[in-house]
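S.K.:
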Amino acid sequence: MRGPFALVDCNNFYVSCERVFRPHLEGVPVGVLSNNDGCIIARSNELKQLGVEMGTPAHMLDKRLWRYGLVLCSSNYELFGDMSARVLNVLREWSPDVEPYSVDESWLGFAGFDPAALPNHCQRMRQTVRQWTGIPVSVGVAPTRTLAKLANRYAKKNPATQGVHIFESAHSPDVRALLERTPVSDLWGVGGRITVRLKDLGIHTAWDLAQAEPKRIRKHFSVVLERTALELRGIPAIDMNDFNEPKKNIMTSRSFGRLTGDAGELREAVRQHAQRGAEKLRDQRSLARAVMVFVQTNQHRLDLAQYSNSVVVALSRPSSDSRDIIAAAQFGLERIYRKGYLFIKAGVMLLDLIDADQQQLGIFETPITEAKRARSEKLMAVMDQINKLQGRGTVRWGMTGDSAAWHLRSEHLSPRWTTRWEELPRVKLW
DNA sequence: TCTGGGGTCCTAGGACCC
DNA sequence: TCTGGGGTCCTAGGACCC
56 MRGPFALVDC
66 NNFYVSCERV
76 FRPHLEGVPV
86 GVLSNNDGCI
96 IARSNELKQL
106 GVEMGTPAHM
116 LDKRLWRYGL
126 VLCSSNYELF
136 GDMSARVLNV
146 LREWSPDVEP
156 YSVDESWLGF
166 AGFDPAALPN
176 HCQRMRQTVR
186 QWTGIPVSVG
196 VAPTRTLAKL
206 ANRYAKKNPA
216 TQGVHIFESA
226 HSPDVRALLE
236 RTPVSDLWGV
246 GGRITVRLKD
256 LGIHTAWDLA
266 QAEPKRIRKH
276 FSVVLERTAL
286 ELRGIPAIDM
296 NDFNEPKKNI
306 MTSRSFGRLT
316 GDAGELREAV
326 RQHAQRGAEK
336 LRDQRSLARA
346 VMVFVQTNQH
356 RLDLAQYSNS
366 VVVALSRPSS
376 DSRDIIAAAQ
386 FGLERIYRKG
396 YLFIKAGVML
406 LDLIDADQQQ
416 LGIFETPITE
426 AKRARSEKLM
436 AVMDQINKLQ
446 GRGTVRWGMT
456 GDSAAWHLRS
466 EHLSPRWTTR
476 WEELPRVKLW
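The numbering of the first sequence is our numbering, which starts it at 56 and goes up by one.
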């Protein structure tokens with residue numbers, strides 16, 4: 056993608072998704088919780104103003120917040136994912152060059168667009184997204200991605216911008232003014248560790264970093280931070296990997312709804328994760344050569360014995376067959392499971408992925424007959440199809456007890472308005 | 001009682017080779 | 001007391017992102 060780069064970011068995305076179908080949440084402090092109703096992972100502006108930080112555990116929220124009408128929502132990833140896809144579809148009408156970056160952010164390339172027409176173009180794009188999906192977005196445009204990130208933040212914070220801010224050049228006085236006001240820690244790519252080390256070098260603001268000699272930054276830190284420094288000077292240096300490219304690792308894990316030491320329950324959880332991982336694998340047409348399993352006790356419970364471990368199990372041949380993945384994961388679990396501990400989390404990671412269409416057998420890998428492969432692929436395809444149409448988990452391997460410890464807690468779950476027939480919103484006509 | 005779930009890229013250092 | 005000089009590949013771990 057070539058610049059100018061636009062970053063389109065959904066405002067308080069998860070909260071906005073909830074508000075589309077529950078308009079009475081407008082103007083109210085709303086927080087969306089992580090899995091298991093654990094931490095705050097999205098906040099409405101009202102909640103931010105009440106001083107609630109990102110990542111606050113739900114049980115540590117100030118009780119007084121309820122007096123302000125606080126509403127908490129469990130995470131509804133089915134809804135969020137679908138709304139994200141809808142926003143993306145609208146954005147594609149406004150640029151031929153769209154790269155989804157996360158569930159709530161996309162990059163747009165505006166190369167060749169008339170700079171004079173960009174403000175209006177972005178304004179109309181923003182209004183269309185709002186009208187067609189109900190989601191408010193902010194737009195930042197600049198010659199580099201790092202500057203576009205800053206422009207976006209500026210647009211979000213300043214109502215006068217009406218949600219769109221554009222830096223035509225990296226060298227204008229307003230860019231300099233903004234860089235001088237921006238602490239390095241607010242920059243994309245600069246986290247806590249690097250902030251501390253930059254301070255030692257006397258680099259405190261984005262402007263300081265922009266003025267630093269890039270080669271010196273590279274020497275003291277890495278090429279990563281050097282790129283950030285270059286981008287602040289208006290030189291594009293950050294390339295995103297193609298969003299179409301398959302993932303290099305696939306991870307599925309989850310905290311349990313409650314602690315458990317039961318081997319059977321752990322086996323069940325690992326089986327589900329292995330199965331889900333295999334689905335993701337087939338989705339991107341990859342095969343795994345190895346499966347990693349891990350288990351963890353709750354590190355926050357200082358009163359309990361702690362144990363965490365992981366093991367990598369090589370597959371005898373690359374596979375995306377759920378049965379192979381599950382078997383390897385179970386085998387691994389037997390190796391690392393220890394009696395007497397209470398576990399909070401287990402997970403499965405698929406490693407060493409290769410393209411299903413051009414697999415090459417390693418020396419020690421056993422071949423599989425064509426007929427056997429065809430049968431396996433057909434079975435998996437049928438299962439995936441059913442689960443896609445009828446909802447995840449409709450068909451699966453093994454049995455699931457309803458009371459299993461690993462089931463998620465979600466006490467404030469809203470309907471999956473857009474993806475389940477039984478949960479469609481109803482409209483009253485009169 | 002209750003503290004998320006994914007990913008990426010880069011670097012340093014060890015193993016191994018000639 | 002002394003102990004080559006390079007190169008490649010792989011892995012673990014650090015740092016960051018949302």
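Even glycine gets a Cβ: it sits at the ideal position worked out from N, Cα and C.
#1: Tell me whether residue 462 sits in a helix, a strand or coil according to DSSP, three-state version.
#2: The beta strand (DSSP E) with residue 307 in it runs from where to where?
#3: Does DSSP classify residue 247 as helix, strand or coil?
#4: Does the Cβ-Cβ distance between residue 288 and residue 281 come in under 8 Å?
#5: With 16 other CB atoms within 10 Å as the buried threshold, where does residue 139 fall?
#6: Label residue 258 either buried or exposed according to how many other C-beta atoms from any shown protein chain fall within 10 Å of its C-beta, with 16 as the threshold for buried.
#7: Starting from the Cα of residue 400, find the closest Cα among 372, 363, 192 and 115 and give me that residue.
#8: Residue 202 and residue 232 - do their beta-carbons sit closer together than 8 Å?
#9: With three or more beta-carbon pairs closer than 8 Å as the criterion, would you say the region 139 to 158 touches the region 73 to 86?
#10: If you measure between the beta carbons of residue 98 and residue 107, is that distance less than 8 Å?
#11: Using only alpha-carbon positions, find the residue among 221, 166 and 269 that is nearest to residue 205.
#12: Over the uninterrupted beta strand (DSSP E) stretch that includes residue 64, give me the two end residues.
#13: Locate the beta strand (DSSP E) running through residue 371, then write down its first and last residues.
#14: Whose CA, out of 427, 426 and 354, lies closest to the CA of residue 397?
#15: Between the alpha carbons of residue 130 and residue 474, how many angstroms are there, rounded?
#16: Quick check: what's the CA-CA separation for residue 230 versus residue 380?
#17: Is residue 162 helix, strand or coil by DSSP?
M.R.: According to the data block:
#1: Residue 462 sits in coil when the DSSP states are folded into three classes, being neither helix nor strand.
#2: 305 to 315
#3: helix
#4: no
#5: buried
#6: buried
#7: 363
#8: no
#9: no
#10: It is a contact, given that the beta carbons lie within the stated cut-off.
#11: 221
#12: Note, residue 64: beta strand (DSSP E), 60 to 65.
#13: Segment 363 to 374, the beta strand (DSSP E) holding residue 371.
#14: 354
#15: 15 Å
#16: Between the alpha carbons of residue 230 and residue 380 lies a gap of roughly 52 Å.
#17: When DSSP states are grouped into helix, strand and coil, residue 162 belongs to the strand group.
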